[in-house]
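This report concerns only the one structure given below.
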Amino acid sequence: MSYRKVTNCRICNSTDLFPYLILPDSPLCNNLSDEPTDQDRYELKVLLCKNCFLSQLSIVVSPEILYSNYAYKSSTSQTFKDHCYKMAESIKSEFKFLDHPLVLDIASNDGCLLREFKRAGFNRLLGFEPAKNIGNYEKSYKIDEMICVVNDFFSEDSAKRVKGDVAGGRASIITATNVFAHVDDLDDFLRGVHWFLREDGIFVVEVPYLPNLMKHNEFDTVYHEHLSYFLLKPLLRLFEEAGLQIFKVEEYPIHGGSIRLYASKHFYQEDRSVSDLLEFEEVSGFYKVDTYIDFAVRTLRVAADLQIIMKFVKDSDKKVMAYGASAKGISLINYLGLAEYIHSIVDDTPGKQGKFTPGSNLPIVDFSHFEKEKPDYILLTAWNFASEMKSKTAHLGAKYILPIPEPKII
Ligand code: JHZ
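The working numbering applies: residue 11 is where the sequence shown begins, and numbers increase by one.
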């Protein structure tokens, strides 16, 4: 096992860390296997820093283990692709960078966001992506004639090694969607961003927002990849110390409710959205420990309710299949021991099909299995894409089990 224990807060270095959510030890949720197998389990505890209010996991599993071969492909969901396109369009219309601005996407995965930037008219596109199995990396950096990818983790060091090489200048736009929560050394990451960013450039980060996680009981999104669970307040401090200013914040429903931060080297004026969100966090009690304890207690109830529904359905001799071998779905099945109630999991990602889920060893199958097996119920393990998934499966006539915010049959 290769991990380190967290003893100090990742942002403020405090040792006053309070464990408020303790989930069962679990395997690494994206570690799909070719055959049913036993996998190492790692502890899963969320600690609250009582000084700066960053929530963080109690251990950090080595990123090489988690990401060198990565099962997740961003482009599988049309909803996410649409979201990316709108992001590219809105940046284009709001910031009006001239002279063929360079766009750098950190953790570019299969090129999903970069392709949407290209569709929106940008033509100098660079990605950093450590996974060797996604994208076309054999052709030394190129996905196609405009999109280059560096097959590496992003850091100060890798940023400095690459800039003069393929990028040919600093970036006007740096994006980091759904990766910031995965980074252990945020100071190093931000040094790399600061180095790469033009003086008038923008750094755009999208991360799941902790108040949404807590409001919607999204405890299944707590797993080993997600090292931090963010409020705005600790982020402001982190960016400030890195010489970057968050000047605007927006909220989006993607991935259970995310915030999009816009930061620069103090080039743009701060928008009211920043102070408004800080005030929201204060008045809603996110700087009080009790709020976190309430959430943990609620989680226990939601978990028990879902177990009851799953058992009831199984006892009625009905067939349940899950849709979406998502990281959170696999985690949920492990936390609550739901595998015994589930026949199999359908996922449209070709690389996940034919594999088995870690811990629960459920087979992941392609969509045609829905037609063959005719499930009575579909457990929506990627509830964040419920409407897309419901429209694809409506013809099956099955009922749906929605695990959160309150477990229910619809
Ligand atoms: P999805 C990922 O988590 C991984 P996951 C990561 N750790 C992260 O931070 C979060 O996102 C934010 C499939 N699917 O996107 C595709 C279909 O089969 O909710 C995926 O396997 N058909 C980086 O894994 C899964 O469901 C479809 O029509 O929890 C969805 O996974 C659709 C829409 C999806 O993220």
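Note that CB positions come from ideal geometry on N, CA and C, so glycine has one too.
Inter-residue Cα distance where the pair is residue i and residue j
{"i": "Y147", "j": "A141", "result": "Residue confidence for Y147 is low, a pLDDT of 43 falling below 50, so the modelled location carries little weight; the figure read from the coordinates is stated next. Y147 and A141: Cα-Cα distance of roughly 10 Å."}
{"i": "F229", "j": "A313", "result": "9 Å"}
{"i": "S24", "j": "K365", "result": "41 Å"}
{"i": "L112", "j": "A252", "result": "22 Å"}
{"i": "P221", "j": "D304", "result": "13 Å"}
{"i": "C19", "j": "A349", "result": "35 Å"}
{"i": "Y282", "j": "E292", "result": "The sequence shown places Arg at residue 282, rather than the Tyr named in the question. In a straight line, the C-alpha of R282 is about 16 Å away from that of E292."}
{"i": "S168", "j": "S78", "result": "16 Å"}
{"i": "D35", "j": "L54", "result": "6 Å"}
{"i": "S274", "j": "D210", "result": "7 Å"}
{"i": "D194", "j": "E383", "result": "43 Å"}
{"i": "E398", "j": "D26", "result": "42 Å"}
{"i": "K60", "j": "G295", "result": "13 Å"}
{"i": "Y219", "j": "Y239", "result": "7 Å"}
{"i": "K324", "j": "S378", "result": "23 Å"}
{"i": "R14", "j": "L248", "result": "22 Å"}
{"i": "V217", "j": "F107", "result": "24 Å"}
{"i": "G121", "j": "S326", "result": "44 Å"}
{"i": "H204", "j": "T367", "result": "39 Å"}
{"i": "I256", "j": "P385", "result": "48 Å"}
{"i": "I116", "j": "W393", "result": "26 Å"}
{"i": "L390", "j": "P413", "result": "7 Å"}
{"i": "L58", "j": "V232", "result": "14 Å"}
{"i": "L196", "j": "L38", "result": "22 Å"}
{"i": "H353", "j": "V160", "result": "40 Å"}
{"i": "F199", "j": "G407", "result": "48 Å"}
{"i": "G202", "j": "T185", "result": "13 Å"}
{"i": "S268", "j": "H226", "result": "12 Å"}
{"i": "G179", "j": "I21", "result": "30 Å"}
As assigned by DSSP and simplified to three states, the class of residue i
{"i": "C19", "result": "coil"}
{"i": "K402", "result": "helix"}
{"i": "A408", "result": "coil"}
{"i": "Y77", "result": "helix"}
{"i": "F28", "result": "strand"}
{"i": "L252", "result": "Here the sequence assigns Ala to residue 252, which means Leu is not the residue at that position. It is coil, neither helix nor strand."}
{"i": "Y387", "result": "strand"}
{"i": "C94", "result": "helix"}
{"i": "C122", "result": "helix"}
{"i": "V232", "result": "coil"}
{"i": "T47", "result": "coil"}
{"i": "S182", "result": "strand"}
{"i": "M331", "result": "strand"}
{"i": "I419", "result": "strand"}
{"i": "H276", "result": "coil"}
{"i": "F138", "result": "strand"}
{"i": "V189", "result": "coil"}
{"i": "S168", "result": "helix"}
Member of the options whose CA lies at the smallest distance from the CA of residue i
{"i": "Q363", "options": "G334, L346 and I352", "result": "G334"}
{"i": "E139", "options": "E104, D109 and N188", "result": "N188"}
{"i": "L288", "options": "A191, L245, Y272 and T47", "result": "L245"}
{"i": "H234", "options": "L33, D162 and T17", "result": "L33"}
{"i": "L342", "options": "R125, F380, T17 and N40", "result": "N40"}
{"i": "L372", "options": "I21, T17, P46 and V232", "result": "P46"}
{"i": "Q279", "options": "K91, V259, L237 and I269", "result": "V259"}
{"i": "D358", "options": "I101, N143 and A332", "result": "A332"}
{"i": "L223", "options": "R125, H93, Y302 and L114", "result": "Y302"}
{"i": "Q88", "options": "V375, I264 and L316", "result": "I264"}
{"i": "L316", "options": "H110, K298 and N344", "result": "N344"}
{"i": "A306", "options": "P29, T17, I21 and Y95", "result": "P29"}
{"i": "T17", "options": "L38, Y52 and V70", "result": "V70"}
{"i": "K96", "options": "R51, G266, V375 and L124", "result": "L124"}
{"i": "S165", "options": "I157, D109, F190 and K400", "result": "F190"}
{"i": "D44", "options": "I374, K402, Y410 and Y387", "result": "I374"}
{"i": "K83", "options": "S336, K243, G179 and V330", "result": "S336"}
{"i": "V356", "options": "G369, R311, K402 and K328", "result": "K402"}
{"i": "S100", "options": "L237, I183 and L31", "result": "I183"}
{"i": "H192", "options": "L136, N143, R308 and I75", "result": "I75"}
{"i": "P417", "options": "D376, N133 and R308", "result": "R308"}
{"i": "L254", "options": "I340, S370, F277 and C62", "result": "F277"}
{"i": "F163", "options": "M156, I157, A181 and G137", "result": "G137"}
{"i": "N119", "options": "K298, Y272 and I157", "result": "I157"}
Quick one: any contact between the region 62 to 72 and the region 115 to 131, if contact means 3 or more CB pairs under 8 Å? The region 62 to 72 and the region 115 to 131 do not touch, with fewer than 3 CB-CB distances between them shorter than 8 Å.
With a threshold of 8 Å, are at least 3 pairs of Cβ atoms found where one atom belongs to the region 310 to 326 and the other to the region 336 to 348? yes
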